[in-house]
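In this note's numbering, the protein residues as written are 4 to 210. Ideal Cβ placement from N, Cα and C applies to all residues, glycine included.
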Amino acid sequence: ESKIPANRIVGIIGNNGAGKSTFSRCFCGLEKRCGEVIWNGRTYRPKDRLNTCYMVMQEVNHQLFTETVLDEVLISMEEENQEWAEEILAELDLIGFKDRHPMSLSGGQKQRVAIASAIASKRSILFFDEPTSGLDYKHMKEVANVLKQVRDTGITLYVITHDLELLLDCCTDIVHFEDGSIIDKFQMDEAGLEKIRNYFIKGVPTK
Numbered sequence: 004e005s006k007i008p009a010n011r012i013v014g015i016i017g018n019n020g021a022g023k024s025t026f027s028r029c030f031c032g033l034e035k036r037c038g039e040v041i042w043n044g045r046t047y048r049p050k051d052r053l054n055t056c057y058m059v060m061q062e063v064n065h066q067l068f069t070e071t072v073l074d075e076v077l078i079s080m081e082e083e084n085q086e087w088a089e090e091i092l093a094e095l096d097l098i099g100f101k102d103r104h105p106m107s108l109s110g111g112q113k114q115r116v117a118i119a120s121a122i123a124s125k126r127s128i129l130f131f132d133e134p135t136s137g138l139d140y141k142h143m144k145e146v147a148n149v150l151k152q153v154r155d156t157g158i159t160l161y162v163i164t165h166d167l168e169l170l171l172d173c174c175t176d177i178v179h180f181e182d183g184s185i186i187d188k189f190q191m192d193e194a195g196l197e198k199i200r201n202y203f204i205k206g207v208p209t210k
């Protein structure tokens, strides 16, 4: 059982194969083999979760469908709002690519397009699987800033990552997975910051 307050950015850490992505897919309703998810006092079935959560996969090529970057963001909106879509693209340094085909972009640019689409969906819970994979430091900072802005609108975000700088920059909480189970969870207060640095830099288990 894991209880996370709303309006947080939760970093999900653990070794490869620890169960991070499986947990995220179950939470989002993309897999049926999972327990209950209770959100704001309501129990959500897998079908309900599909309408409440949005997940950006690590392999984003499977999530890009339209002919232009702008259309990719617009298609995620309940009601199309081109002005807001362009604002999101500008925040992610993508406005110059708005008329380009998504598949013509670099891997890092595609990743940012998928993040823009997730934000545009206005779902209550967003999951990101390695959102800064392939990004340089400048674009990692842009992604971190956008995630914080999204959190400030009342949305909860889960971020699977091995990127220590991203965790330190924007995450408020950490959930640590190993062998398919949560072995630790903590806030990114002074003690939490020390734990996360020791884990990534010195290889010291968080618990």
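By alpha-carbon positions, which one of H165, L170 and K144 ends up nearest to R11?
The sequence position of residue 11 within the sequence shown is 8, counting from 1. Checking every option, the nearest Cα to that of R11 belongs to L170.
Would you mind giving the Cβ-Cβ distance between D166 and T135, rounded to the nearest angstrom? I have them listed as a contact below 8 Å.
As a working mapping, residue 166 is identified with position 163 in the sequence shown. As a working mapping, residue 135 is identified with position 132 in the sequence shown. Their Cβ separation, rounded to whole angstroms, is 5 Å, which keeps D166 and T135 in contact under 8 Å.
In this structure, does DSSP put F180 in helix, strand or coil?
Taking the sequence shown and counting its residues from 1, one reaches residue 180 at position 177. In the structure shown, F180 sits in a strand (DSSP, three-state: E or B).
Which whole-angstrom value describes the C-beta separation of A121 and V59, a residue pair presumed to lie in contact below a C-beta threshold of 8 Å?
On the sequence shown, position 118 is the one that residue 121 refers to. On the sequence shown, position 56 is the one that residue 59 refers to. With 8 Å as the limit, A121 and V59 qualify as a contact, their Cβ atoms being about 5 Å apart.
Residue ranges of each beta strand (DSSP E) run of no fewer than 3 residues wholly in the region 34 to 99, ordered along the chain?
Listed in chain order, they are 40 to 42, 45 to 47 and 56 to 59.
Where does the unbroken alpha helix (DSSP H) through I204 begin, and where does it stop?
Along the sequence shown, one-based indexing puts residue 204 at 201. Here I204 belongs to no alpha helix (DSSP H), and DSSP marks it neither H nor E.
In three-state terms, what does DSSP make of L108?
Taking the sequence shown and counting its residues from 1, one reaches residue 108 at position 105. In the structure shown, L108 sits in coil (DSSP, three-state: anything other than H, G, I, E or B).
Between which two residues does the beta strand (DSSP E) holding L160 run?
Here the question's residue 160 lines up with position 157 in the sequence shown. It spans T159 to I163 - the beta strand (DSSP E) in which L160 sits, taken as one unbroken run.
Among S184, I199 and G183, which has the Cα closest to the Cα of Q190?
Mapped onto the sequence shown, residue 190 falls at position 187. Here the closest residue by C-alpha is I199.
Looking only at C-alpha atoms, which of K101, L150, D132 and L33 sits nearest to T69?
Start at 1 with the first residue of the sequence shown, and residue 69 comes out as number 66. Closest by alpha carbon: K101.
Return the chain-ordered ranges of every alpha helix (DSSP H) run that is complete within the region 109 to 136 and spans a minimum of 4 residues.
Qualifying alpha helix (DSSP H) stretches, in chain order: 110 to 124.
Between V76, S79, V149 and F180, which has its C-alpha nearest N18's C-alpha?
As a first step, residue 18 is located in the sequence shown; it is residue number 15 there, counting from the start. Out of V76, S79, V149 and F180, F180 has the C-alpha closest to the C-alpha of N18.
Restricting to Cα atoms, I'd like to know which of L97, S124 and D176 is closest to M80.
Mapped onto the sequence shown, residue 80 falls at position 77. Here the closest residue by C-alpha is S124.
Quick check on the DSSP output: the beta strand (DSSP E) that includes G32 runs from which residue to which?
Sequence index remark: in the sequence shown, residue 32 carries index 29 (1-based). Segment: none, G32 is in no beta strand (DSSP E) and carries neither H nor E.
Across the region 82 to 99 and the region 38 to 52, are there enough close Cβ pairs to call them in contact, namely three or more that are closer than 8 Å?
Flag = no, the region 82 to 99 and the region 38 to 52 do not touch.
Compare the Cα-Cα distances from S27 to each of E193, G183 and D187 and report the closest residue.
For the purposes of this step, residue 27 is identified with residue 24 of the sequence shown, where counting begins at 1. Of the listed residues, the one whose Cα sits closest to S27 is G183.
Compute the Euclidean distance between the alpha carbons of G206 and M106, then round it to the nearest angstrom.
As a working note, residue 206 is residue 203 in the sequence shown. As a working note, residue 106 is residue 103 in the sequence shown. Distance between the alpha carbons of G206 and M106: 38 Å.
In terms of residue numbering, what span does the beta strand (DSSP E) encompassing G14 cover?
The count along the sequence shown starts at 1 and reaches residue 14 at position 11. It spans I12 to I16 - the beta strand (DSSP E) in which G14 sits, taken as one unbroken run.
Going by beta carbon distance, what residues of the same chain come within less than 7 Å of Q114, once the five residues before and after it are set aside?
For the purposes of this step, residue 114 is identified with residue 111 of the sequence shown, where counting begins at 1. Closer than 7 Å at Cβ, skipping near neighbours: V63, P134, S136, G137 and L138.
Under 7 Å Cβ to Cβ from I98, same chain only, skipping five residues before and after it: list those, please.
Here residue 98 corresponds to residue number 95 of the sequence shown, with the count starting at 1. The residues are E89 and L92.
Using only the alpha-carbon positions, how far apart do N84 and I158 sit?
Within the sequence shown, residue 84 is the residue found at index 81, counting from 1. Within the sequence shown, residue 158 is the residue found at index 155, counting from 1. Roughly 19 Å separates the two Cα atoms.
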